[in-house]
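Going down the list, the protein sequences come from chains X and B. When we follow this note's numbering, the leftmost residue of the first sequence carries the number 496, and every step to the right adds one. When we follow this note's numbering, the leftmost residue of the second sequence carries the number 496, and every step to the right adds one. We treat Cβ as the ideally placed atom computed from N, Cα and C, and that holds for glycine. Note that the structure is predicted; figures quoted are calculated from it, not measured. The block underneath contains the structure these notes are about, expressed in structure tokens.
Number of protein chains: 2
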Amino acid sequence: MAYSSERRLPRLEDVAERAGVSHQTVSRVINNHPNVSKATRERVEAAVAELGYRRNTAARSLVTRRSHTIGVLASELSQYGPANTLLGVEQAARDAGYFVSIAALREVSADSIADAARHFMDQGVDGIVALVPHTGTLQALEVLNLDVPVVVVGSSGEGRFSGAMVDQKLGARLAVAHLIEQGHKRIGHISGPQDWIDAAARAEGWREALTEAGLADDLFVEGDWSAGSGYGIGQKLAVERSATAVFVGNDQMALGVLRAFGEAGVRVPQDVSVVGFDDQPEAGYFMPPLTTVRQDFEELGRRCMDMMLALLEDGAGAGTTVVNPRMVVRASTAPPA
Amino acid sequence: MAYSSERRLPRLEDVAERAGVSHQTVSRVINNHPNVSKATRERVEAAVAELGYRRNTAARSLVTRRSHTIGVLASELSQYGPANTLLGVEQAARDAGYFVSIAALREVSADSIADAARHFMDQGVDGIVALVPHTGTLQALEVLNLDVPVVVVGSSGEGRFSGAMVDQKLGARLAVAHLIEQGHKRIGHISGPQDWIDAAARAEGWREALTEAGLADDLFVEGDWSAGSGYGIGQKLAVERSATAVFVGNDQMALGVLRAFGEAGVRVPQDVSVVGFDDQPEAGYFMPPLTTVRQDFEELGRRCMDMMLALLEDGAGAGTTVVNPRMVVRASTAPPA
DNA sequence: AGGTTGTTTGTTAGCGCTAACAATTGAGGT
DNA sequence: ACCTCAATTGTTAGCGCTAACAAACAACCT
């Protein structure tokens, strides 16, 4: 076979011989131990460079019981949010010298979560980042009694695990506040599936903001995040015309709503204002350009990894980190007629 | 610290003792070696289950020199296509008992590719799947002289490496054929950046199809894949009105074009037909719903992993696998006025 | 019975590394 | 000169596993 390495890779021993020291000294240099004289360190480093030595991770893991690998357990990786969160995790991990392994859930259930977690334990990961934005994820993980640290994205960190989240409730309140400021009184909400943590939090934020302003919170419909569901719901709303503004749970559903309104002759924003959530890159090119709530997913991912590193290396306890969303006002909102 | 496992995990030796056999016999059972009697096998399996034994990957890797890990080197992971390809790779990998490690490129360059590849070599991956759809990726990888198999997505597999690709040229020809069938004579193309393999292939397919039909291929503009660039180019096209149909390099740019046309009062499809590429989930909810070319990214990912497994386990040589795209006709195309 | 298979099990060594301890060196104080 | 202490280097063992070989055992033939 073409790839079975004919030439053996150099080991510590080889480097040691070349540098005229013991293999342990080489190990010290590699691992930046303090008590190595400058002269030796340089000699060893030269030998490392000459031989092109790279340390063997398997051997190291075997003895240290650390794989320097983080498992990211994710569903919906093809979506903008999770994909970017993963990117943030990967960036922070690689910068810190960690490897990132992934397991994608084909369907979200306690079983599939358990499968993926077992997969990671077999691999010997040092920690797990759960990027599964469903209620129930926490419980599904807790019963497994994993003995590695876990950071749950979207969790507010009540349980045994650490959490990292974007403040969804705040995001929803910002959206509603923006609409109220413009003078809207009848503000509806098209939410994501309520078994998603974020969907529930956004709905709650919407409800709270309305209640506090003394407005009714009866215009509520649940969608499934897809543009298709937004379209279907939008068609109904176009007929009813009960709200002057709609806060939609994500940009994709908002796209569907926009199309339904467009087809029905409901003008946005003259007749109805629409606010989305996420600010995916296309949102500025919808018709009309979408006012929405931006979440910094990459930052979220980086924070996850920071928490993980704290758990792993500083022995910190579980905690939570919160990223704030912000409004991006475009052309899909305006004062009511 | 909370997670340093107090209780030692069971090893082969522990299972062996419990089952009353040697550790090697347990190893044989674990690895499905043929010559183990049914009685022993059952006894061992019982012991494994009772102790909750899981094999130590590091130890195994150390001696076999196989990590059972595949590295996916990717850029643009937040895009629909690459993200779904990754999903396909992950699925096929996990089913085959492999782990998937990722390295995302923050910026595409020979250096960053080399960095990521080194990262994977440090980890000891068994193979690398390169999901970096730029021309130049192949060369950047080739000079590294990696001694693991590499599968390059988007490559037609000329070099030392295996390739897996969607037939982009075919996709472009399908799109153009569809427009020609409808009677269009002036068919423009908004392409992706020409240093992307796929963008170049789609442009070439467009050109070939036009030439074969005896039509002019002079209406060509290069975008950057983003909705914004599509918007900018769309604005110009709306003024010029040189083409009756535009084949756009991806759905996102098509979204921008649609908006530019909408704002300029150019009706789609009555005045100009628009075809996209990718068929991302939102394409059916654009205004109007977009006719586009569908690529099965997950299938592509699965095929990558299949090739990798063939290279790894059957000692097969480098090869190529091609996935065919297909037309999805919606409302953005119609015969010219 | 004795030899010749093949099947099943056990024994040994070592993959490449780090932790723990032991040994050596040099500086500084008496 | 001697002792003490710290800094630097070396030696040894073992992480948990599989490959290679060796041993034991049964079955089947002359």
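Here B:V627 really is in contact with B:V603; their C-beta atoms are around 6 Å apart, less than 8 Å. Rounded to the nearest whole angstrom, the C-alpha separation of X:A578 and B:C799 is 20 Å. X:R797 sits buried, since 16 or more C-beta atoms from the chains shown fall within 10 Å of its C-beta. If you look at X:F742, you'll find it in the beta strand (DSSP E) that goes 740-743. Taken in chain order, the unbroken stretches of alpha helix (DSSP H) that lie wholly in the stretch 570-594 of chain B and span 4 residues or more are 575-590. Below the 7 Å Cβ cutoff, chain X contributes E585, V595, I597 as neighbours of B:I597, in chain order. Using a Cβ-Cβ cut-off of 8 Å, B:D617 is close to R549, R550, T552 of chain X, given in chain order. With respect to B:V788, B:V741 sits apart: the two C-beta atoms are not nearer than 9 Å. In the structure shown, X:V648 falls within a strand segment according to DSSP collapsed to helix, strand and coil. Only residues of its own chain outside the window of five on either side were considered, and among them I685, I728 have a CB closer than 6 Å to the CB of X:V716, listed in chain order. B:L626: member of the beta strand (DSSP E) spanning 622-626, first to last residue.
Residue contact with chain B for X:Q747: present (Cβ-Cβ distance below 9 Å to some residue of chain B). Proximity of X:T815 to chain B, defined by a Cβ-Cβ separation below 9 Å, is not satisfied.
As for any alpha helix (DSSP H) of minimum length 4 sitting wholly inside the stretch 701-755 of chain B, the runs are 722-735, ordered along the chain. Its chain contains I565, G566, V643, P644, V645, V646, M803, L806, L807 as the residues whose beta carbon lies nearer than 8 Å to that of B:G622, once the 5 sequence neighbours on both sides are disregarded; these appear in chain order. Under the 9 Å criterion on CB atoms, B:E540 is classed as non-interfacial with respect to chain X.
Between the alpha carbons of B:Q618 and X:E794 lies a gap of roughly 26 Å. The beta-bridge partner set that DSSP reports for B:T815 consists of B:G658.
Scanning the stretch 767-831 of chain X for uninterrupted alpha helix (DSSP H) segments of 4 residues or longer gives 792-808, listed from N- to C-terminal end. The C-beta distance from X:L641 to X:A612 rounds to 6 Å, short enough to fall under 8 Å.
Judged by pairs of C-beta atoms under 8 Å, the stretch 691-710 of chain X touches the stretch 650-668 of chain X, as three or more such pairs exist.
Judged by beta-carbon spacing, X:R681 lies beyond the 9 Å limit of X:L639, meaning their Cβ atoms are not closer than that value. The stretch 752-765 of chain B and the stretch 542-560 of chain B do not touch, with fewer than three beta-carbon pairs separated by less than 8 Å. Where B:H528 is concerned, there is no enclosing beta strand (DSSP E), because DSSP gives it neither an H nor an E. Each residue's CA atom was taken as its position, placing X:L568 and X:K533 some 43 Å apart. Between X:D746 and X:A778, the beta carbon gap of about 5 Å places them in contact (Cβ cut-off 8 Å). Residue state for B:L557 is assigned as helix, using DSSP reduced to three classes. According to the DSSP assignment, X:S686 belongs to no alpha helix (DSSP H) but to the beta strand (DSSP E) extending over 682-686. The DSSP-derived three-state label of B:H629 is strand.
DSSP, read as helix, strand or coil, puts X:L600 in coil.
Within 7 Å of the CB of X:S556, the CB atoms of chain B belong to A553, in sequence order along the chain. In this structure B:A829 is in contact with B:S768, their Cβ atoms being roughly 6 Å apart against a cut-off of 8 Å. Taking 9 Å as the cut-off, the beta carbon of B:M782 is found no closer than this to the beta carbon of X:M748.
Its Cα nearest to that of B:A542, the residue B:S522 stands out among B:W701, B:S522, B:R702. Separation of X:S651 and X:D690 (C-alpha to C-alpha, rounded to the nearest whole angstrom) is 16 Å. In summary, X:H679 is buried, with 16 or more beta-carbon neighbours lying within 10 Å of its beta-carbon over all protein chains present.
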